[in-house]
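What follows is one structure encoded as structure tokens, with my remarks underneath.
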Amino acid sequence: MPGHQERIHPVSSVMTLRDALEKDKLCSPFQLTAVCILSTPLFLASIHNVIQIFTAAVPPYHCQSNITLEKSYLPQDSCTRYISPLSNDTEPCLRGERTYDLSLFTSTIISEWDLVCERGWMKELGQSTYMAGVLVGAIVHGSLADR
3 MPGHQERIHP VSSVMTLRDA LEKDKLCSPF QLTAVCILST PLFLASIHNV IQIFTAAVPP
63 YHCQSNITLE KSYLPQDSCT RYISPLSNDT EPCLRGERTY DLSLFTSTII SEWDLVCERG
123 WMKELGQSTY MAGVLVGAIV HGSLADR
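Per this note's numbering, residue 3 is the first one in the sequence shown, and the count goes up by one each step.
This is the structure in structure tokens:
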């Protein structure tokens with residue numbers, strides 16, 4: 003057509019990621035070794051995120067009663083104990099008077115430090131403090147890594 007100019011698009015010399023991956027095949031022994039070495043700290047750090055599932059498991063427990071009743075009559079997971087066998091009065095269970103069922107876990111921080119009942123909030127505080135440290139570390143080290 004007279005008076006109409008045809009636009010000519012220049013050939014782009016920019017290589018796309020797909021082209022680069024097809025050209026280099028991305029599976030050299032050096033690259034595989036680098037990925038394995040750099041993934042090791044990530045694997046070890048992820049263990050710390052879930053370790054409290056095992057170390058802070060709450061085993062079944064009950065307060066040692068001063069009454070000679072069978073265990074089946076006493077409520078399990080109780081933070082109180084009966085005062086008298088003739089009344090239904092209870093008193094708080096003191097520290098060190100709890101019996102833990104250690105058949106599944108031989109020892110947890112819950113049974114070692116008696117973190118149940120009035121001290122149960124300490125378990126959640128430990129995990130929350132750890133995660134707050136992860137958040138602060140990500141913010142601080144993330145900004146430092148960008149410099």
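All C-beta atoms in this analysis are idealised placements derived from N, C-alpha and C, irrespective of residue type, glycine included.
(message) On the criterion of 16 or more Cβ atoms from any shown chain inside 10 Å, does H143 qualify as buried, or is it exposed?
(response) exposed
(request) Only counting runs of 4 or more residues, tell me where the alpha helix (DSSP H) segments fall wholly within the region 100-146, in order along the chain. (result) 111-115
(message) Out of L96, L46, Q129 and P94, which one is the CA nearest neighbour of I111?
(response) Q129
(request) Locate the alpha helix (DSSP H) running through C38, then write down its first and last residues. (result) P31 to V52
(request) Starting from T92, follow the beta strand (DSSP E) in both directions and report where the run begins and ends. (result) T92 to P94
(request) Give a yes or no on contact between the region 93-101 and the region 42-51, applying the rule of three or more CB pairs nearer than 8 angstroms. (result) no
(message) Please report the distance separating the alpha-carbon of T131 from that of Y63.
(response) 26 angstroms
(request) Provide the residue(s) that pair with R97 in DSSP beta bridges, ordered along the chain. (result) DSSP lists no partner for R97.
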